[in-house]
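One structure below.
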Amino acid sequence: MKSHIFHRNLFLVSLLTFCHPAGAAELINRVLVEGNIHVTEQEILDVVETKIGDDLSARSTVKQLRDDFRAVFALGYFSNLVLERVREGTGFNLVFHVEEKPIISDFNYEGNQRYKKKKLNEEIKFTGKERIFFDENIAETYKKAILEYYTRQSFPNTTITWRKEELESPDKVVIVFEIQEGKRLPVKKIVFEGNAALNGKQLRKKIQTKQSWWFIIKHHYDPILAEQDLDNIKLAYWDIGYLDAKAKLGPIDEIKDGLQVTFLVEEGEPYTVGEITVENNSIFSSEELLANIRLKPGDTFSASVLTADEISMINMYRGQGYLDTRVPPMDEQFIKDQTNRIVDIRIPFRESPRKYLGKVEIQGVVILDDGTVVPTREKEFKTKEFVIRREIELSEGEPLDWTKVIESDRNLVNLNFFRTRGVTLPNQVNLAPGFERRPTNDPNVENLLLRLEETQTGMFTFGGGFSTTFGPSIFATISERNLFGYGVRGSITGEIGKYRNRLVLNIFEPHLLNSDYSLDWDIYYIDRRAYGGRSFDEERIGSSVTFGKEITDELTLLLGLKGEVTDLRLKSRSHYRIFPGGDPVAFGFPDYYINYHNLWNYRIPDEFNLGQNTTTSLLFGAVNDYRDFRLDPTSGHYERATIELAGLTDNEFVKLESEVNYYYPIYKKLVLAISNELDLAYAYGGTETLPLQERFFIGGARTIRGFDEGGIGPQSRIHYLYGTPGAPHGFRTFLGGEAAYVGSAEVRYPFTEIFQGVVFFDMGTAWEKIEDIDPSEFRFSTGLGLRVRIPGLNAILRLDFPVVLRKFDDDDTQFLHFSFGQTF
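Going by the working numbering, the letters in the sequence shown line up with residues 1382 to 2205, in that order.
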């Protein structure tokens, strides 16, 4: 304080020497600075308004000097400041003599056990390169920032003091913070006072501050989140009509092993909606804007419903290119009648000019760990430009329809070539960084910059695995989702396991020769041993090729050809041998050999057409895909129907397989998924019974959970007899069906980008003949599931824990299913 008075008095004395009776002008020759070390002369002169040539004898100059003195001192860099005039020739020089405050060269910490110096410096944004002039206020500001950080990390009892340490260089000092951290305390209890319409459990779901759960999950207090929670609480009340609701933070008390955080609530009374009107709208009529709103006069007010209605109206504008149309904050739309508890809603639109698309620029980028976006170098970006452009729904010169931008974003996300922002959500841009608007010289035209970071699309995997269907196995896969950057998918998979060996080659070209035709080609060898309800081993070798024709973005027609050789064997049993026809003598075995080696005759159902057979078939089908995201849909629907017509070789049959799936976003990230599958098949011509490998086996991870694989549906027995006369023996077997139905419903919620929880319900069965279809034979199950998205593998690991609600006596059940991919 003495220093400030000294400066003021000194300055007044200096000014008196400038003031004298009118006479010859005293002109300023130069304005100089002396004594500065870290502050440049120009920085000081930039705030000085007095100019060379001004008359020191003029009162206006004296007033300006007073202002200049204050402006220089207000820079905050100086502990002493003197303004002097020095005669030079016929005029005077003005000299600002400054004494700088010392620079803070470093911050040191004592007593900091939990957080190291580097972390604390990051929190106060100190790198050592800053030019910070010391004074007590500055030191207190940094102390407060450190204390707030400790408080956010749930160290409420932390105390901090500071001291200044001089260095050999008098123009620099070090500030040392002495920290007593105290004990870190988790939030053990969150209390609401004054609430009645919403209970504590309901309010706790709305806020970001969370209670710890035993010693397993610990949540700590963050004052920034707590401040945001005041608005969250208010919005929760607005959602049930309480527009006068208020919330403020109460005491934060230390209780046993933690903190109790209290929120104080004033609820008020609920409001009913009166009139809903729109204003300043010229592009759409009021009737058009209000036609599909869900909030109606007479309803209890709901903020979430009004928000959804306003988003719908804004999207009408965005869909026509009026991208910057806005409405004011919600509380500015209310006209409240507090006496009658009625709220009229007035929505004034701020309509914007229409934007047209200039061009779409595509740029490959890399996102660094600190969030910096860096363009890729030449040849680092693999995907060909035409592969990207064919997924973009916009054309140059047309209105910039943001719904088409969202569709384009969804198309590119479904390629699974590029980085996304985490959990994919409908009706928003999900690519990272994705589409960005860019102005042009024409105010009515905007370009779009599409920045894409490629993810790993090629992969070699080798390892072991286990599924509840096929048991343990070892496998190797070479796959590429974007072959040579042309958008072609290819894979080779080999697997050796307890119940399944396979080798599969697949090539899929979604746009053959960059056309609307697709090509899907498979060559495969599969050897499956009996598992679950399937009492036979099968060996398949074959190939299929399927052409698709894209009729619309969603509808594709299919035409395919398949050839396959199948060898079926009854499942292996160590204590018997089986011979076609049931007569080992026909194979040249004498009676004594039969008796000595305990060979068996057998009698099997007609459906067991054992041995080798050949199938050639034509495939006709259609796929209608309106899902937003293929790997894990959140909205839309998917329909697929195929007819397989087999003939010309051993097997003649017709098979119809159909699937209809729906996906509904229920609330925020919560999704309801519903699936229905109906499959029918029958033999014709020279094939009397539908081949065993073509029948439908129901039960298991991908059909009705809670049952063994193929463990539902029609059954029979395989009988066998001793070589010498004796009583019949045998074992039960599932036959599969000519008809099957599976219905499933799942409620899905992504807890994080990796983990998703599921509640499911399954029903259905298989019938031996088409004419046997009877819904009263449905089996039912329910349960909980967990989905784990495997980063980089484009795969989802699936765990299901079912509970059977209805079963028949001979059904085989299972309590756990472990597999890969979404159920549907």
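Every residue, glycine too, gets a C-beta built ideally from N, C-alpha and C.
Residue i vs residue j beta-carbon contact at 8 Å
i: residue 2141; j: residue 2181; result: yes
i: residue 2081; j: residue 2162; result: no
i: residue 1465; j: residue 1445; result: no
i: residue 2045; j: residue 2052; result: yes
i: residue 2000; j: residue 2025; result: yes
i: residue 1715; j: residue 1708; result: no
i: residue 1548; j: residue 1486; result: yes
i: residue 1467; j: residue 1474; result: yes
i: residue 1710; j: residue 1754; result: no
i: residue 1777; j: residue 1738; result: yes
i: residue 1479; j: residue 1452; result: no
i: residue 1868; j: residue 1793; result: no
i: residue 2144; j: residue 2085; result: yes
i: residue 1870; j: residue 1918; result: no
i: residue 1882; j: residue 1908; result: yes
Chain-order list of residues whose beta-carbon lies under 6 Å from that of residue i (same chain, five-residue window excluded)
i: residue 2008; result: 2014, 2017 and 2019
i: residue 2060; result: 2038, 2077 and 2121
i: residue 1433; result: 1409
i: residue 1389; result: Model confidence at residue 1389 stands at a pLDDT of 40, short of 50, so the residue's coordinates are unreliable and nothing is read from them.
i: residue 1515; result: 1482, 1483, 1485 and 1554
i: residue 1841; result: 1859
i: residue 1618; result: 1626
Reduced DSSP category for residue i - H, G, I as helix; E, B as strand; rest coil
i: residue 1810; result: coil
i: residue 1695; result: helix
i: residue 1896; result: coil
i: residue 1984; result: Bear in mind that the predicted position of residue 1984 carries a pLDDT of just 48, short of 50, making it unreliable; the figure below should be weighed with that in mind. If DSSP states are grouped into helix, strand and coil, residue 1984 belongs with the strands.
i: residue 2157; result: helix
i: residue 2182; result: strand
i: residue 1867; result: coil
i: residue 1454; result: helix
i: residue 2143; result: strand
i: residue 1406; result: coil
i: residue 2089; result: coil
i: residue 1627; result: strand
i: residue 1881; result: strand
i: residue 1925; result: strand
i: residue 2188; result: coil
i: residue 1969; result: Note that residue 1969 scores 42 on pLDDT, short of 50, meaning its location in the model is unreliable and no value can be drawn from it.
i: residue 2126; result: strand
i: residue 2007; result: coil
i: residue 1521; result: helix
i: residue 1998; result: strand
i: residue 1931; result: strand
Cβ distance (whole Å) where residue i is taken to contact residue j below 8 Å
i: residue 1592; j: residue 1569; result: 7 Å
i: residue 1620; j: residue 1684; result: 5 Å
i: residue 1682; j: residue 1706; result: 24 Å between Cβ atoms; not a contact.
i: residue 1946; j: residue 1995; result: 5 Å
i: residue 1541; j: residue 1491; result: Wrong, their Cβ atoms sit about 10 Å apart, outside the cutoff.
i: residue 1701; j: residue 1782; result: 7 Å
i: residue 1747; j: residue 1832; result: In fact, because the Cβ distance is near 10 Å, the residues do not count as touching under 8 Å.
i: residue 1571; j: residue 1686; result: Residue 1571 to residue 1686, Cβ: 27 Å. No contact.
i: residue 1647; j: residue 1575; result: 6 Å
i: residue 1537; j: residue 1635; result: 7 Å
i: residue 2089; j: residue 2193; result: 4 Å
Chain-order list of residues whose beta-carbon lies under 7 Å from that of residue i (same chain, five-residue window excluded)
i: residue 1897; result: 1930 and 1931
i: residue 2064; result: 2033, 2034, 2070 and 2071
i: residue 2184; result: 2087, 2162, 2163 and 2164
i: residue 1528; result: 1539 and 1541
i: residue 1763; result: 1835, 1863 and 1866
i: residue 1923; result: 1905, 1943, 1944, 1945 and 1946
i: residue 1546; result: 1554, 1555 and 1557
Check: residue i C-beta below 7 Å from any heavy atom of the ligand FMN
i: residue 1885; result: Ligands displayed in this structure: none; no statement on the ligand FMN is therefore possible.
Below-8 Å beta-carbon distance, residue i vs any chain B residue
i: residue 1453; result: Looking at the structure shown, chain B is missing, and only one protein chain is on hand.
Contact set for residue i: own chain, Cβ-Cβ below 8 Å, skip 5 residues either direction
i: residue 1639; result: 1566, 1567, 1568, 1569, 1570 and 1593
i: residue 1713; result: none
i: residue 1577; result: 1648
* Complete beta strand (DSSP E) runs within the segment 1545-1614 (minimum length 3 residues, chain order) -> Taking only runs of at least 3 residues, the beta strand (DSSP E) segments lying wholly in the segment 1545-1614 are 1553-1561 and 1568-1574.
* Mind listing, in chain order, the continuous beta strand (DSSP E) runs of no fewer than 3 residues lying wholly within the segment 2010-2087? => Listed in chain order, the complete beta strand (DSSP E) runs (minimum 3 residues) inside the segment 2010-2087 are 2017-2027, 2034-2048 and 2051-2064.
* To do: Could I get the ranges of all uninterrupted alpha helix (DSSP H) runs contained in the segment 1757-1805, with 4 residues as the minimum, in chain order?
  => Correct list: 1766-1770 and 1783-1796.
* Ranges of the alpha helix (DSSP H) found wholly within the segment 1473-1519, counting only runs of at least 4 -> 1498-1504
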